[in-house]
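One structure is given here, and the rest of the page talks about it.
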Amino acid sequence: MDKVAYWLWLTEIFGTGNERLWTAMKCFGEPDTAYWELCRNNHGLKLNQKELSNIKSVSLENCLKLIDVYNSRGFSVTGFSSPEYPDYLRNIYNPPAVLFYKGDIECLNRMPAITIVGARRSSNQSLMIAERISSELAQNGFVIVSGFARGTDIHSHLGAIRAGCPTVCVMGCGLDIDYPKENFIYRDAVLKNGGVFISEYPLGTPPLQQNFPKRNRILSGVSRGVVIIEAGEKSGSLITAELAVEQNREVFCVPPADIYDRRYAGNIRFLRDGAVAVYGYEDIAGYFNPFENDTEEEIPESDEPEISQEVPENSENSEDSEKTDDLSEFSDIQKEIIRILMQGKTHIDVISDRLGYDVSELVAEITNLEFDDVIQSFPGKIYGLK
Numbered sequence: 036m037d038k039v040a041y042w043l044w045l046t047e048i049f050g051t052g053n054e055r056l057w058t059a060m061k062c063f064g065e066p067d068t069a070y071w072e073l074c075r076n077n078h079g080l081k082l083n084q085k086e087l088s089n090i091k092s093v094s095l096e097n098c099l100k101l102i103d104v105y106n107s108r109g110f111s112v113t114g115f116s117s118p119e120y121p122d123y124l125r126n127i128y129n130p131p132a133v134l135f136y137k138g139d140i141e142c143l144n145r146m147p148a149i150t151i152v153g154a155r156r157s158s159n160q161s162l163m164i165a166e167r168i169s170s171e172l173a174q175n176g177f178v179i180v181s182g183f184a185r186g187t188d189i190h191s192h193l194g195a196i197r198a199g200c201p202t203v204c205v206m207g208c209g210l211d212i213d214y215p216k217e218n219f220i221y222r223d224a225v226l227k228n229g230g231v232f233i234s235e236y237p238l239g240t241p242p243l244q245q246n247f248p249k250r251n252r253i254l255s256g257v258s259r260g261v262v263i264i265e266a267g268e269k270s271g272s273l274i275t276a277e278l279a280v281e282q283n284r285e286v287f288c289v290p291p292a293d294i295y296d297r298r299y300a301g302n303i304r305f306l307r308d309g310a311v312a313v314y315g316y317e318d319i320a321g322y323f324n325p326f327e328n329d330t331e332e333e334i335p336e337s338d339e340p341e342i343s344q345e346v347p348e349n350s351e352n353s354e355d356s357e358k359t360d361d362l363s364e365f366s367d368i369q370k371e372i373i374r375i376l377m378q379g380k381t382h383i384d385v386i387s388d389r390l391g392y393d394v395s396e397l398v399a400e401i402t403n404l405e406f407d408d409v410i411q412s413f414p415g416k417i418y419g420l421k
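Right, dumping it as structure tokens:
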């Protein structure tokens, strides 16, 4: 039996977005095991009255029927352990156990995602920036994520749509709810370009105010970074940016033209705290692919030996080769890191993707290599051989 039904059952028991579900999963490991043990009351969990009542009233058969209903209406359901579930989302605190979607959700696993947020009542200048940056990022291989709301959100989606590229719409309501109504004229265009609508809320769930802060952890969680276009001091967009920081995602901000314009107070706060300033899409694309915009003229002369991006097959006379020929003193992870850096300076996220290790696992190894004077760090979490 597909484990999606078990994930859906657990969501029905504990409630959408309830972190208690993951407390249960720590005890049982697998969703089907959790189902059987909870049904048999063979566990040490302290369940509240509502959860106990749900266990008695919600059947696995009903969950299977519900999945069939979704499919018959053109929607799909994925669970946390399903292969199409967004990889980056798995690594956040309290990820959704179930996602409902319409479209190509696997675009999030094929391409790096960038989330763009901002005020619903943004200035015309900010709306133009959102649309242009989204279009340029989309044309350079990024999938654009936003919340399909008025203002910055919809203009970010439109940038990707007009570039003929996928965009991801993360909803704070059921996928059958036309919210906001004026934006649903773009629904077909999103799907036609290979995009997707996703939500953790079941069909029929209205766009309640309390849904959106919870939804924001998905906005930041599926992406590698969050871009703030325009945000006042109390803008809801800052919730997404704060979640991005908690999730170890990068935050980018468009600097205001007027530093005294209160509409950009949130941007200024995050810039002061170390967010990356955005003067064009290159500042975002280059952060994750630092060589994308390099030219010979832009490479400063240095007394240090250059690190070639191409490793020659025969490099007996190469100083770097001599330094890294004997890797026996290093751990297996360190050896793999060194081999990647022999090809050139590399961002830590790229190293993480290539090796299949979490960034948190790599930090200690990289630090040890720095202490051993083998590698050096550069601004923007980029590393290279010494």
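Last residue of the sequence shown? That's 421 in our numbering, and every number before it is there in order. Glycine included, each C-beta is placed from N, C-alpha and C at the ideal position. Bear in mind that the values here come from a model prediction, so they are computed numbers and not experimental data.
Please say whether residue j and residue i have beta carbons closer to each other than 8 Å?
i	j	result
residue 288	residue 312	yes
residue 95	residue 40	yes
residue 383	residue 256	no
residue 115	residue 86	no
residue 210	residue 234	yes
residue 392	residue 368	yes
residue 314	residue 168	no
residue 170	residue 195	yes
residue 306	residue 376	no
residue 137	residue 111	yes
Tell me the rounded alpha-carbon separation between residue i and residue j.
i	j	result
residue 388	residue 417	14 Å
residue 238	residue 92	20 Å
residue 221	residue 241	20 Å
residue 298	residue 159	12 Å
residue 157	residue 219	20 Å
residue 365	residue 322	28 Å
residue 251	residue 43	21 Å
residue 14	residue 105	Here the chain comprises residues numbered 36 to 421, so residue 14 is not present and cannot be evaluated.
residue 122	residue 290	31 Å
residue 300	residue 51	33 Å
residue 177	residue 149	7 Å
residue 61	residue 98	22 Å
residue 69	residue 282	27 Å
residue 410	residue 390	17 Å
residue 395	residue 217	43 Å
residue 245	residue 362	54 Å
residue 412	residue 378	15 Å
residue 181	residue 206	9 Å
residue 46	residue 406	46 Å
residue 398	residue 57	26 Å
residue 59	residue 296	47 Å
residue 78	residue 189	46 Å
residue 132	residue 249	13 Å
residue 310	residue 292	17 Å
residue 371	residue 139	33 Å
residue 284	residue 402	20 Å
residue 130	residue 408	39 Å
residue 179	residue 83	40 Å
residue 294	residue 183	28 Å
residue 224	residue 381	36 Å
residue 404	residue 318	28 Å
residue 107	residue 278	35 Å
With distances taken from CA atoms, which of the options is nearest residue i?
i	options	result
residue 426	257, 141 and 85	Because residue 426 is not part of the residues shown, which for the chain are 36 to 421, the question remains open.
residue 276	262, 405 and 194	262
residue 271	186, 283 and 219	186
residue 173	198, 290, 282 and 205	198
residue 163	378, 192, 381 and 149	192
residue 254	177, 151 and 51	151
residue 147	110, 259 and 166	259
residue 90	102, 75, 79 and 103	75
residue 280	269, 293, 292 and 308	308
residue 286	264, 130, 401 and 249	264
residue 212	190, 224, 243 and 189	243
residue 433	133, 224 and 214	Because the chain in this structure spans residues 36 to 421, residue 433 falls outside the shown range and cannot be described.
residue 269	400, 109 and 303	303
residue 24	84, 119, 129 and 404	No information on residue 24 is available, as it lies outside the stretch 36 to 421 that the chain covers here.
residue 226	109, 284, 184 and 294	109
residue 102	134, 83, 183 and 284	134
residue 236	113, 107 and 117	113
Return the Cβ separation of residue i and residue j in integer angstroms, given the expectation that the two are a contact with Cβ distance under 8 Å.
i	j	result
residue 72	residue 63	6 Å
residue 66	residue 38	5 Å
residue 201	residue 228	6 Å
residue 232	residue 208	Not confirmed; about 11 Å, so no contact.
residue 165	residue 266	Not really, about 12 Å apart at Cβ, beyond 8 Å.
*asked:* In chain order, what are the residue ranges of uninterrupted alpha helix (DSSP H) at least 4 long that sit wholly in the stretch 152-202?
replied: 159-174 and 187-197
*Ignoring anything shorter than 3 residues or poking outside the stretch 49-89, list the beta strand (DSSP E) runs there in chain order.*
Segments of the beta strand (DSSP E) lying fully in the stretch 49-89: there are none.
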